[in-house]
Amino acid sequence: MTTIDPRPLVPAHSPAAPAARRVSLPMANHRPRPYTGPSKAEVVATREQYLSPGLFHIYKEPLMIVEGNMQYLWDETGKQYLDGFAGIVTVSVGHCHPRVVERVQRQVETLTHATTIYLHPTIGEFGKLLAEHFPAGSGLTQSYFTNSGSEANEVAFLSAREFTGNVDIISLRNGYHGGTSATMGAVAHSSWKFKSNVSANNKYATPGYCYRCPLGLTYPSCGVKCARDTEELIRYETSGQVAAFIGEPIQGVGGVVVPPPEYFKIVYDIVRKYGGLCIADEVQTGFGRTGDHFWGFENWGVTPDMVTMAKGIGNGIPLGAMTTRPDIAKMMKNRIHFNTFGGNPISMAQGLATLQVIDAEGIQRNAREVGGYLKGLLMELMEKQPLIGDVRGMGLMLGVELVRDRQTKEPASTETAEVLELARERGVLLGKGGLYGNVLRIKPPMCLTKEDAAYLAQTIDEALTMIAARTK
Ligand SMILES: Cc1ncc(COP(=O)(O)O)c(C=O)c1O
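Residue numbers (this note's numbering): 17 to 488.
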């Protein structure tokens with residue numbers, strides 16, 4: 017665990033702030049190899065003919081990425097992009113970070129797989145270093161490694177049900193926890209679950225989404241009713257005993273929703289009163305991304321019983337984990353339970369090297385400083401761009417909610433998609449999310465520089481100016 021002492025950030029309003037003058041996309045210190053593979057048209061045709069039609073892409077004209085280095089990506093024509101979305105918050109320390117590549121290359125040449133029924137030193141080494149990143153005294157020491165975030169959440173639900181003997185899982189509306197059957201059950205939004213999905217034991221509590229308060233209240237006079245309502249939900253819609261509560265410390269897919277500071281403390285206390293365990297889904301918020309703290313939950317002064325993680329843990333490879341206390345971890349011994357690839361030497365080498373780079377290169381501090389600087393630039397933009405309704409987030413997990421009218425908060429969903437297209441033309445990749453698809457999601461690799469941040473903010477500014485001019 018690393019908690020960074022509050023220090024003054026670079027003042028965003030300083031006269032020297034780069035947003036005041038036009039900046040160019042910083043040139044990467046890397047030359048991509050000439051691309052010699054199949055054409056984009058051939059790749060599209062192959063995908064359509066042989067892959068699941070469930071795969072989608074986000075741009076009108078699909079984007080093909082063939083190389084990456086740190087915070088930059090290249091398409092097949094050699095065009096460079098600033099990766100503002102890190103492959104959906106996955107690349108933590110930089111695409112193909114040399115230290116990570118070197119460690120994994122060594123592992124690939126030595127042993128790729130042997131399964132956890134045999135011993136291998138790296139899994140223990142990684143488990144130990146991961147445990148050392150949890151707050152002292154939290155008891156969060158035992159890790160179960162998986163291949164994805166969904167799988168980590170499945171293990172958490174299973175462990176909670178075994179431990180408590182209860183079945184109901186409480187999650188938050190507007191949250192996202194994965195695409196497998198049980199995790200889809202914990203996702204309330206109908207767009208993210210199939211009609212056939214069975215979610216009888218899932219109940220959905222109210223998130224702390226102050227900009228669009230589901231209860232129509234205003235913080236702090238609301239008394240954080242959204243959190244307190246969890247008690248009514250448990251009393252009226254469950255047997256009165258729950259297995260677990262799962263929540264993202266900041267909702268990612270839901271549009272970078274940052275709850276009021278007391279929110280999680282209130283919810284955790286209620287859930288524990290009714291016999292449940294608390295799971296922090298750190299798939300997007302962990303590994304220093306929120307800047308001030310290594311884990312998202314630390315921002316809210318709570319200690320979860322289980323922490324699930326993926327994405328940033330592996331800097332771009334399929335790797336997830338569920339970490340918990342020994343008394344809960346032992347539930348996985350209740351039956352023979354086996355995971356062929358969870359904890360394989362390649363993933364462990366990549367996870368270990370990634371965590372070592374996070375520590376050695378001050379990645380969390382960079383997320384705090386550059387994230388704070390970028391947030392300042394985005395807040396400045398709010399003063400001149402009426403489409404911006406809200407700027408929120410922490411560290412390098414930022415969201416910009418676009419609305420057509422600041423009073424009615426009518427979501428500017430098509431405009432948000434347009435910003436993504438215009439940003440792409442300017443060499444910046446952004447994400448979008450939220451219930452209405454009207455939140456720009458900015459979650460770059462955490463090696464982002466202030467020059468990159470200035471270019472990113474300028475790009476959003478230009479895109480919004482063009483959209484505003486067109487709609488006048
Ligand atoms: C908060 C959160 N939890 C869980 C998941 C599922 O992870 P995966 O796609 O690796 O299964 C995601 C994926 O976006 C996520 O954002």
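Glycine included, C-beta positions come from ideal geometry on N, C-alpha and C.
For residue i, is the classification buried or exposed, using 16 other Cβ atoms within 10 angstroms of its Cβ as the cut-off for buried?
i: M338; result: buried
i: K459; result: buried
i: S255; result: exposed
i: V69; result: Residue identity check: residue 69 is Pro in the sequence provided, not Val. Exposed: under 16 other Cβ atoms inside 10 Å.
i: I282; result: buried
i: I374; result: buried
i: N45; result: exposed
i: H113; result: buried
i: P275; result: buried
i: G261; result: One detail in the question is off: residue 261 reads as Phe in this sequence, not Gly. F261 should be labelled buried.
i: Q300; result: buried
i: R408; result: buried
i: I483; result: buried
i: A345; result: buried
i: M325; result: buried
i: F210; result: exposed
i: N85; result: buried
i: R486; result: exposed
i: M200; result: buried
i: I186; result: buried
i: Y75; result: exposed
Determine the closest residue to residue i out of the options, with distance taken between C-alpha atoms.
i: T126; options: N355, G336, T157 and P361; result: P361
i: V117; options: G367, Y51, F101 and L188; result: G367
i: I104; options: I483, K488 and K448; result: K448
i: E264; options: W208, Y290, T246 and N190; result: N190
i: G450; options: A428, N163 and H111; result: A428
i: C463; options: I262, L98 and R38; result: L98
i: R288; options: A176, K76, K425 and H111; result: A176
i: G224; options: S207, F210 and A243; result: A243
i: V107; options: L456, L412 and S187; result: L412
i: R38; options: T199, D477, N85 and P236; result: D477
i: D421; options: S166, N454 and L414; result: N454
i: Q423; options: G415, I404 and R384; result: I404
i: V269; options: E298, E399 and Y284; result: E298
i: G336; options: E377, S159 and S206; result: S159
i: V318; options: N331, R115, F280 and T306; result: F280
i: L146; options: W311, N382, I186 and F354; result: W311
i: R251; options: Q123, I286 and N350; result: I286
i: R228; options: E467, D406, I379 and R49; result: D406
i: G2; options: T432, R119 and A152; result: It is not possible to answer for residue 2, since the shown part of the chain is limited to 17 through 488.
i: G304; options: H149, P342, T432 and A172; result: H149
Keeping to the same chain, check which residues put their C-beta closer than 6 Å to that of residue i; ignore five residues upstream and five downstream.
i: E278; result: V240
i: L25; result: With a pLDDT of 40 at L25, under the threshold of 50, the predicted position of this residue should be treated as unreliable, and no value is reported.
i: T132; result: G359
i: D245; result: T222
i: L249; result: K219 and A221
i: P230; result: T222
i: R23; result: The pLDDT assigned to R23 is 38, lower than 50, so where the model puts this residue is not dependable, and the model offers no usable value.
i: F161; result: A337, G358 and G359
Return the chain-ordered list of same chain residues with a C-beta closer than 7 Å to the C-beta of residue i, the five sequence neighbours on each side being excluded.
i: P320; result: C294, I295, A296 and F313
i: T138; result: P361, M364, A365 and L368
i: E64; result: none
i: T475; result: A439, R442 and V444
i: A469; result: V386, Y389, L390 and L393
i: G291; result: T180, N182, Q257 and V258
i: V272; result: I266, R408, G409, M413, L414, G415, V455 and R457
i: G328; result: V105, T106, S108, G302, F303 and R305
Which residues bound the beta strand (DSSP E) around residue i?
i: I186; result: I185 to L188
i: I458; result: V455 to I458
i: S164; result: Taken as a continuous stretch (DSSP letters only), S164 belongs to no beta strand (DSSP E), as it is neither H nor E.
i: G367; result: Here G367 belongs to no beta strand (DSSP E); instead the alpha helix (DSSP H) covers P361 to A376.
i: A296; result: L293 to D297
i: G449; result: G447 to G449
i: M322; result: M322 to M325
Can you find the residues in the same chain that come closer than 8 Å, C-beta to C-beta, to residue i, ignoring five residues on each side of it along the sequence?
i: G100; result: A439, V444, L445, L446, G447, I458, K459, P460 and L472
i: P78; result: K56 and V60
i: T481; result: Q401
i: A479; result: E434, V435, L438, A439 and R442
i: T128; result: N360, P361 and I362
What span of residues does the alpha helix (DSSP H) with residue i cover, start to end?
i: Q474; result: K466 to T487
i: Y220; result: Here Y220 belongs to no alpha helix (DSSP H); instead the beta strand (DSSP E) covers N218 to A221.
i: I344; result: P342 to A345
i: R63; result: K56 to Y66
Would you verify that the beta carbon of residue i is, or is not, closer than 7 Å to some beta carbon of chain B?
i: Q123; result: Annotation note: the requested chain B is absent from the structure, which comprises a single protein chain.
- prompt: Curious, which full-length beta strand (DSSP E) runs of at least 3 residues does the segment 232-285 contain?
  reply: Listed in chain order, they are 260-263.
- request: Please specify which runs of the beta strand (DSSP E), each continuous and at least 3 residues long, are wholly inside the segment 95-170, giving them in chain order.
  value: Within the segment 95-170, the complete beta strand (DSSP E) runs of at least 3 residues fall at 96-99 and 158-162.
message: Which runs of the alpha helix (DSSP H) at least 4 residues long sit entirely within the segment 366-444? Give them in chain order.
response: DSSP runs (the alpha helix (DSSP H)) wholly in the segment 366-444: 379-400 and 429-441.
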